[in-house]
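**Student:** Submitted below is the structure of interest, expressed as structure tokens.
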Ligand code: C2E
Ligand code: CA
Ligand code: CA
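Residue numbers (the numbering used here): -7 to 556.
Okay, here's the thing in structure tokens:
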């Protein structure tokens, strides 16, 4: 920085200098700020604190020879190790600067957040001469989240901006963490428990955080971490440490809950150079982690960005289509047949959609997009209305005919799901006992207790529940014992190799045996050929669904007769 003259015009030298007493400078600075300024003589280890700080923390005096024991009394136990570590590094002159945030108890007995930023100055020989710094109370500036006492989102944004602006770091990792199924935790226990869990989580993560990282509460159950000079590997390491700690912690305040946490991270400057970009990309990575099984960390990549762009454009088109009276949507119905007679006993309603260019998009692609944004809730009920409307005619012809409708976990977890469904079924004058609701196995497994409640409500009405895609989740058999379903639909993956795989054949027979013991009917999906059917028809299944008996077709092509 260019030196300036103290009083303009009085100095005639070509290279102007400022002369002042360092003692006066110190007092002037101390008086002109609300922050706490301190200086340490590195040759003697003696600290000089400002009078305001002495008063605020009741320090033994402005001059303190060995202040660490006093701070130990004042600093929050969860922050002490970090504080000590930074001071040790300083004492050994391993680092020339530091930035640390911690809580300390003031004279009123309250813990307040302080940010301490300090700089070591060396003498011409390179030996440590002086250490000076500023402690800023963060609470005064609305920087702390009142619930968790973590730094808040605006502080996260400020810190990121500052680090980038001041060129403090060459690289940096931004990580966002989000508790898996937090809404459910709040529902199963209560808000108070959820709040306590967030507080505990903040404390736990703070305890694991390395010295170059800071933790923030972003919103609800989302936290942010900035790793100064951090890499993607360090993010992964930190994430694994958090995951491991949570895994070992099976009880929260005497309640048995396992808590998973998902994360996403983005790198500065490789992925983005603005706060907005870094946050958005870390969020995309987080969303990817959430939609790919949760309880994992994803590092932002070009592929994640491409996928996100595609789903955003799909979402836009889907929203437009729904507003324009479900333009481009249609229904196909696929027959389900009795395993012994091959007569059609019902159909599964399958949604179809063509985008604005008339290009068909697979439901495997557009359903998750609608689930992610919640659109599936109204669209799913529209599907229900349409399928029941079509089904009425078939039921008139065959009173035992069933209509199966796929329902997303998101829909069924809605508080008023049963009430809205009841109203729809009654409006359509469709008999409850002819309706089957299909739920995928993976969603039932994760939210079993909530589903049990819904199943009972549906059962009471006479509606049946089928567990879809059975065998694709990881706790299939375990689930059979507990999930109160009426029908199990074995995933078509088990048929693909049926002629060569003894395991698949054995699995099917085994599932049939257990289900029948429990009074559950079994449907096998994906039977495509006569050979497969011949092989499977002796396996005591109740029904089949597959291309061999009929592909999904428009409503008017369904015929109520023996299909093969
Ligand atoms: P799903 O519920 O397992 O539906 C069966 C899927 O298997 C359908 O694919 C069907 O066309 C296909 N399939 C049936 N028989 C055979 C066969 O013999 N061989 C082969 N290779 N495939 C067969 P689709 O229509 O593409 O649907 C995919 C998934 O999209 C469905 O899987 C379901 O999870 C979801 N989906 C479709 N419609 C809806 C809906 O209205 N609501 C919700 N929530 N999900 C839906
Ligand atoms: Ca299904
Ligand atoms: Ca299925």
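Built from N, CA and C at the ideal position, the CB exists for glycine as well. Keep in mind the model is a prediction, meaning the values are calculated, not measured.
1) Quick one, what's near ligand 2 if you take every residue whose CB is closer than 7 angstroms to any heavy atom, in chain order?
2) Along the chain, which unbroken stretches of the beta strand (DSSP E) at least 3 residues long are found entirely within the region 231 to 263?
3) Ends of the alpha helix (DSSP H) at residue 128?
4) Could you check whether the Cβ of residue 328 sits closer than 7 angstroms to any heavy atom belonging to ligand 1?
5) Find the nearest neighbour of residue 454 within the set 471, 429, 443, judged by alpha-carbon distance.
6) I'd like to check one pair, residue 54 with residue 46: are the Cβ atoms closer than 8 angstroms?
7) Express the C-alpha separation of residue 460 and residue 443 in angstroms, rounding to a whole number.
8) Flag residue 483 as yes when its Cβ comes closer than 7 angstroms to any non-hydrogen atom of ligand 3, and as no otherwise.
9) Below 8 angstroms between beta carbons: does that hold for residue 372 and residue 339?
10) Under a three-way DSSP split, which group does residue 2 fall into?
11) With 16 other CB atoms within 10 Å as the buried threshold, where does residue 394 fall?
12) Just to check, is the beta-carbon of residue 331 closer than 7 angstroms to a non-hydrogen atom of ligand 1?
13) How far does the beta strand (DSSP E) with residue 555 in it extend, from its first residue to its last?
14) Give the range of the beta strand (DSSP E) segment to which residue 432 is assigned.
15) When DSSP labels each residue in this structure, what does residue 68 get in the three-state scheme?
16) Which same chain residues end up closer than 8 angstroms to residue -2 when comparing Cβ atoms and leaving out the 5 residues on each side of it in sequence?
17) Alpha carbons only, please: which of 237, 326, 171 is nearest the one belonging to residue 256?
18) Taking only the alpha-carbon atoms, compute the straight-line gap between residue 451 and residue 252 and give it to the nearest angstrom.
19) Count the other CB atoms within 10 Å of the CB of residue 540; is the residue buried (16 or more) or exposed (fewer)?
20) Bridge partners for residue 508 per DSSP, in chain order?
21) Going straight from the alpha carbon of residue 203 to that of residue 78, what length do you get?
22) Can the beta-carbon of residue 99 be found closer than 8 angstroms to that of residue 141?
23) I need the DSSP call for residue 26, collapsed to helix, strand or coil.
24) Just list the residues that DSSP pairs residue 157 with in beta bridges.
25) Please tell me whether residue 97 and residue 130 are closer than 8 angstroms, where the distance is taken between their beta carbons.
26) If you count every other CB in all the chains shown that lies within 10 Å of the CB of residue 153, and 16 or more means buried, which is it?
27) Return the first residue and the last residue of the beta strand (DSSP E) that residue 58 is part of.
28) Near residue 344, which residues of its chain fall below 6 angstroms by C-beta distance, leaving aside the five closest residues on each side in sequence?
29) In the region 322 to 400, which residue ranges form an unbroken beta strand (DSSP E) of at least 3 residues, counting only runs that do not cross its ends?
30) Is the beta carbon of residue 314 closer than 8 angstroms to that of residue 367?
31) Along the beta strand (DSSP E) that carries residue 103, what are the first and last residues, could you check?
32) Ligand 1 heavy atoms versus the CB of residue 297: any closer than 7 angstroms?
33) With DSSP as the reference, identify every bridge partner of residue 517, one or two as the case may be.
34) For residue 462, which residues does DSSP report across the bridge?
35) From which residue to which residue does the alpha helix (DSSP H) around residue 296 run?
36) Buried or exposed: where does residue 533 fall if 16 or more other Cβ atoms within 10 Å of its Cβ makes it buried?
**Tutor:** With the given structure in hand:
1) Going by the Cβ distance cut-off, the answer is 340, 396, 398, 430, 460, 481.
2) Segments of the beta strand (DSSP E) lying fully in the region 231 to 263: 253 to 260.
3) Counting along the chain, residue 128 falls outside any alpha helix (DSSP H), though it belongs to the beta strand (DSSP E) covering 120 to 129.
4) No.
5) Closest by alpha carbon: 429.
6) Judged by their CB atoms, residue 46 and residue 54 are nearer to each other than the 8 angstroms cut-off.
7) Cα to Cα, the separation comes out at about 14 angstroms.
8) A distance criterion of 7 angstroms places the beta-carbon of residue 483 in contact range of ligand 3, judged by its closest non-hydrogen atom.
9) Result no, Cβ atoms of residue 372 and residue 339 do not sit closer than 8 angstroms.
10) Note that residue 2 scores a pLDDT of 44, beneath 50, so its modelled location is shaky and nothing firm can be said.
11) Buried, by the Cβ-count rule.
12) Judged by the Cβ position, residue 331 fails to qualify as a neighbour of ligand 1 at the 7 angstroms threshold, every heavy atom of the ligand being at least this far.
13) Per DSSP, residue 555 belongs to no beta strand (DSSP E) and is neither H nor E.
14) That run of the beta strand (DSSP E) goes 427 to 432.
15) Of the three classes helix, strand and coil, the one that applies to residue 68 here is coil, per DSSP.
16) Confidence in residue -2 is poor, its pLDDT being 40 and thus under 50, which makes the residue's placement too unreliable to answer from.
17) Comparing Cα-Cα distances from residue 256 to each of 237, 326, 171, the minimum goes to 171.
18) One Cα belongs to residue 451, the other to residue 252, and the distance between them is close to 32 angstroms.
19) Flag for residue 540 reads buried.
20) According to DSSP, residue 508 bridges with nothing at all.
21) For residue 203 and residue 78, the distance between alpha carbons rounds to 7 angstroms.
22) It is not a contact, given that the beta carbons lie outside the stated cut-off.
23) Per DSSP, reduced to three states, the secondary structure at residue 26 is coil, with no helix or strand assignment.
24) Checking the DSSP bridge columns, you'll see residue 157 has no partner listed.
25) No.
26) Exposed is the call here.
27) For residue 58, there is no enclosing beta strand (DSSP E), as DSSP marks it with neither H nor E.
28) Around residue 344: 322, 324.
29) Counting only runs of 3 or more, we get 336 to 346, 394 to 398.
30) Annotated as proximal: residue 367 and residue 314, with beta-carbon spacing under 8 angstroms.
31) Where residue 103 is concerned, the enclosing beta strand (DSSP E) stretches over 103 to 114.
32) The answer is no for residue 297.
33) For residue 517, which the question treats as bridged, DSSP gives the partners 537.
34) 482.
35) Segment 294 to 315, the alpha helix (DSSP H) holding residue 296.
36) Classified as buried, residue 533 has 16 or more neighbouring CB atoms from the shown chains inside 10 Å of its CB.
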